[in-house]
Amino acid sequence: MVSRSGRPWPWSRPGESRKAIPRGETFFPTPSGSSGPSPRRPRPLGPWLPPSWRGSNGSRKPWRTWKDGSFLPRGCFPPKPGAFRPSFGASGTCSPKPPGAFPRRGIPKTLVSRRTTMKNDPSTPSGEEPHPKKRGLSQKMLKKILELHRAGYGTRRIARALGCNRKTVQRHLEKSGLTSQPPLPGKPPSKKAGKLDLFRERIREMVEKDLSVTRILREISAQGYTGGRTILAEYVRNLRPSLKAGASKVRRRFETRPGEEMQVDWSPYRVQIGDKLRTVHAFCAVLHYSRKIHVHFYPNERLSTLLEAEARSFEDFGGVTQRVVHDRMATVVLGTIPDGKKPIWNPRFLDFARHFGFDPFLCRPRDPDRKGAVEKAFAYLERDFLRGASFASFEELNSRVRVWLDQVANRRTHGTTRQVPDEVWAFEKDFLTALPDHPFDTCDEELRKVDADATLWIRGTPYTVPWPLAGATVTVRLFSDHFEVLDPKGRPVLSRAYAPEKVKGKLQIDPAHYQGLPGGKDGRTGEGRRLEETFLTRFPSLTDFFTGLKKRMKGLAHIHLRALLRLAETYGEEVFLQAARKAQEHHAFNAHVIRRILEKDHPLPPQEPLLPPGAAAKAAMILGDVDSGSLDDYADLDLPGEEEEPKDKKDKEKPDDDTEEA
């Protein structure tokens, strides 16, 4: 293919005759739609080109030096034949860039030397070019696709380099199971040194020792770490699983002899009791040899509750094992000696262990497999008894779990031993240590002072106690389900259950505690007591009516007694007794009922109306009676004035002061 000037086009097919282009001349045809070459001659130096396109002196390289694409810039290839037609018409443009002039992000020459054409493809018959839809990829092309994909290149760049469709590359990669694109090869980008880089080995050592993030932060901060807790915690979080995955923990199964070991533990649950969800604490004890289970629910996990629960389990099993396994409960262990890692036992718990004669055993931290029998018992309890159940009260919960233990849990065939726990326990019971003769005092004892109104606060609820204890210091014994009050001499004066949860915090009054109290609430001091004595003395046959009146009217009984005594004075005793007996027969213990009966059966005669008083009577009512006064008090005023004359004479005979001085 030759232009009108006789020069061969640069994109002519390989092997066609080409004429030499004079040195220093270049020709870039325009891919515009107009016909004919541009009338203007392009300048030797055109617009900017990439450095790889320039020669040693900065001029553009002529196309005649890029023979068959071997010296093409990186990522650029010769255009396909017929992709662009030369323009033969008049055109006002002269494009300095041939098709595909500017390079894209291409593939190195070492990975693909040149584009393979279908004509030279050995899978294509010589002299024929197959239809594009029927054209297939040779094994060499497929191998090249896989090679470029493993090198980290995407499907678009592979398709552009090999001259095929991107979907073809994708389809071939999917058939080969290579759908994810690995990262690009080459030198990774330089990263700024992180704040953790200098401390990674030290952090790894501390994580292997299972230290907390707070302690690791404190120690590396003392060594010069200036970062924050967030990046440290994220690094430690990603580091822990990798360290744990390296060393897999092997669990060892073991069995014990009869009567050798019992495992105990707590587990809280949310249970529907009444009309609300409540948190209950299940205590579970398992005989390891027979797998017999004991379960009881408690409101808390205090030390006194734990001792009471274990004592109850010993009574249920009929004896004590040689060893009792606990985890690190705060009520059992007060701490650990750093040097030998020996536990510091609670002294009261040790007294409990000595009383029953067993050896307390402590599990290692975060080692639930050591007491796996009781852990599986909790899972079985939740799955088979608690899930989906509701109870009317706390007492019903414990009664129903007792039935479940006797009829289901300890009567089933155990999955590990393949035996019935109750049957094996019948054999193991002979190996248990006998219970002591006297029980251990598991309750908490506290000294409390009773308030002036004879009330005592017990776990957030006030209770009344007998009134003689008001102001005294008493001993309170707190059990899991009830409490006892001892007077200053140590004698028990009160024992009762705790108030239900729905009335917790409200005053719990027992009226019997105020019986015989002088000045009590019933008003039997002074006038109240005299009214009762007067009524019973005057009407002894109305004792039952009096008792019913006090029960019905309670604090208002003295008001009705006054009204009854007035009715008796008005109507007479016989008529009053008849009306009172009639009201008693109908259980109407009320003074108003007796008054209506009397008004109906024995009406009183009407009283004459009083005339309105006059003016003098009103004044007398206001001022009271006025007695006429006596004039004797004023008698001296009527005597003649003889006694005054000697007084005047004396005044005349008395000389003046001025005369005497003179």
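Numbering-wise, the working numbering puts 1073 at position 600 of the sequence shown, and it's gapless, one number per residue. C-beta atoms are modelled at their ideal positions from N, C-alpha and C, and glycine is treated no differently. As the structure is a prediction and not an experimental result, all values here were calculated from the model.
Neighbour flag for residue i against chain C, beta carbons, 8 Å
i: GLU1006; result: Chain labels in this structure do not include chain C; a single protein chain is all it has.
Neighbourhood of residue i by C-beta distance below 6 Å, restricted to the same chain and skipping five residues each side
i: VAL874; result: VAL768
i: SER786; result: ALA758 and HIS767
i: VAL753; result: TYR742, VAL744 and PHE770
i: THR906; result: GLY792, VAL793 and GLY830
i: ARG629; result: ARG639
Local Cβ density within 10 Å of residue i, reported as buried at 16 or more and exposed below that
i: LEU545; result: With a pLDDT of 47 at LEU545, under the threshold of 50, the predicted position of this residue should be treated as unreliable, and no value is reported.
i: LEU1029; result: exposed
i: PHE770; result: buried
i: GLY732; result: buried
i: PHE727; result: exposed
i: PRO939; result: buried
i: ILE1070; result: buried
i: HIS622; result: buried
i: LEU518; result: Reliability of the predicted coordinates at LEU518 is poor, the pLDDT of 46 falling under 50, and the value obtained from them is presented with this limitation in mind. LEU518 comes out exposed.
i: SER763; result: buried
i: VAL976; result: exposed
i: THR915; result: buried
i: TRP898; result: buried
i: PHE1019; result: buried
i: ALA803; result: exposed
i: ARG884; result: exposed
i: ASP800; result: buried
i: LEU1040; result: buried
i: HIS911; result: exposed
i: ALA882; result: buried
i: LYS444; result: The question about residue 444 has no answer, for the chain in this structure spans 474 to 1135.
Extent of the continuous beta strand (DSSP E) run through residue i
i: THR628; result: From DSSP, THR628 is part of no beta strand (DSSP E) but of the alpha helix (DSSP H) over 628 to 635.
i: VAL798; result: 796 to 799
i: TRP930; result: 928 to 931
i: THR1016; result: Counting along the chain, THR1016 falls outside any beta strand (DSSP E), though it belongs to the alpha helix (DSSP H) covering 1016 to 1026.
C-beta contact flag for residue i and residue j at 8 Å
i: ASP738; j: LYS844; result: yes
i: VAL797; j: TRP818; result: no
i: ARG1035; j: LEU1077; result: no
i: VAL1048; j: ALA1056; result: no
i: ILE746; j: PHE867; result: yes
i: THR703; j: LYS668; result: no
i: LEU967; j: GLU919; result: no
i: VAL847; j: GLN736; result: yes
i: VAL686; j: LEU671; result: no
i: LEU712; j: ARG677; result: yes
i: ILE693; j: VAL709; result: no
i: ASP917; j: SER777; result: yes
i: LEU908; j: GLU783; result: no
DSSP bridge partner residues for residue i (one or two, in chain order)
i: PRO965; result: LEU959
i: ALA970; result: HIS955
i: ILE817; result: GLY808
i: GLU919; result: VAL949
i: GLN745; result: LEU750 and SER863
i: LEU679; result: Reading the sequence as shown, one finds Met at residue 679 and not Leu. Per DSSP, none; premise fails for MET679.
i: GLU734; result: ARG796
i: HIS767; result: ALA758
i: PHE834; result: VAL798
i: TRP739; result: PHE756
i: GLN981; result: TYR936
i: THR906; result: VAL793
Check: residue i C-beta below 7 Å from any heavy atom of the ligand FAD
i: PHE913; result: Ligands in the displayed structure: none, and consequently the ligand FAD is not present.
Where the alpha helix (DSSP H) containing residue i begins and where it ends
i: TYR1044; result: 1030 to 1044
i: ASP879; result: Neither: ASP879 is in no alpha helix (DSSP H) and is coded neither H nor E.
i: ARG724; result: Counting along the chain, ARG724 falls outside any alpha helix (DSSP H), and DSSP gives it neither H nor E.
i: GLY845; result: 845 to 854
i: LEU1071; result: 1064 to 1074
i: LYS975; result: Premise fails: LYS975 is in no alpha helix (DSSP H) and is neither H nor E.
i: PRO841; result: Note, PRO841: premise wrong, no alpha helix (DSSP H); not H, not E.
i: HIS622; result: 612 to 623
Residues of its chain near residue i, where Cβ-Cβ distance is below 8 Å and the 5 sequence neighbours each way are ignored
i: ARG1025; result: PHE1062 and ASN1063
i: ALA826; result: VAL797, ASP832 and PRO833
i: GLY808; result: PRO816 and ILE817
i: THR886; result: GLN892 and VAL893
Spatial neighbours of residue i in its chain, beta-carbon cut-off 7 Å, leaving aside the 5 residues before and after
i: HIS986; result: ALA927, THR937, VAL938, PRO939 and TRP940
i: VAL947; result: ARG921, VAL923, VAL958, LEU959, ASP960 and PRO961
i: ALA970; result: ASP954 and HIS955
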